[in-house]
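What follows is a set of notes on a single structure, which appears directly below.
Residue numbers (my numbering): -10 to 128.
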């Protein structure tokens, strides 16, 4: 699962509950801001929400138990990105500093990041629509 408490607390709790109830290993990637990001920490929760809205940190869960019923084990909890990553990134000192010192390189890297975000989102949409049938292969 990939979660961000500031973006969707209910999805975060659901992911932890599913991971805890699964009989086997579970992995949860949780977005965590830090002082090195250079944001106003009083806006950290809304910043997480905007990172999710930009597609930089999509929220999803994967539960292989859903495949047992012919369902899709991958669930995309985020909506389609509605913000550009550049607009959100420029609120962080680490990105804004590069834009001030090397504007051409910054623009190129932000463009590459946006293309990667768009490609990843498209891939996740495809995964979310794939139905898998689980078969227990006993030898």
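Cβ coordinates follow ideal geometry from the N, Cα and C atoms, glycine included.
To the nearest angstrom, report how far apart residue i and residue j are at their CA atoms.
i	j	result
residue 109	residue 11	26 Å
residue -3	residue 23	19 Å
residue 5	residue 116	21 Å
residue 60	residue 85	43 Å
residue 112	residue 45	14 Å
residue 13	residue 21	25 Å
residue 56	residue 3	18 Å
residue 91	residue 76	17 Å
residue 26	residue 41	16 Å
residue 52	residue 9	11 Å
residue -1	residue 66	10 Å
residue 89	residue 62	43 Å
residue 7	residue 93	44 Å
residue 80	residue 58	44 Å
Go ahead and pull the three-state DSSP assignment for residue i.
i	result
residue 74	helix
residue 18	strand
residue 11	coil
residue 40	helix
What distance in whole Å lies between the Cβ atoms of residue j and residue i, which are believed to be in contact at a cut-off of 8 Å?
i	j	result
residue 87	residue 95	5 Å
residue 78	residue 99	6 Å
Taking all protein chains shown into account, decide if residue i is buried (16 or more other Cβ within 10 angstroms of its Cβ) or exposed.
i	result
residue 126	Residue placement at residue 126 is poorly supported in this model, since its pLDDT is 49, which falls under 50; the coordinates still yield a value, given next. Classification of residue 126: exposed, given that the 10 Å Cβ count is below 16.
residue 47	buried
residue 39	buried
residue 16	exposed
Do residue j and residue i come within 8 Å of each other at the CB atom, strictly closer than that value?
i	j	result
residue 31	residue -7	no
residue 35	residue -5	yes
residue 73	residue 37	no
residue 50	residue 64	yes
residue 106	residue 70	yes
Between residue i and chain B, is there a C-beta pair that is closer than 8 Å?
i	result
residue -5	The chain labelled as chain B is not found in the depicted structure, where only one protein chain is given.
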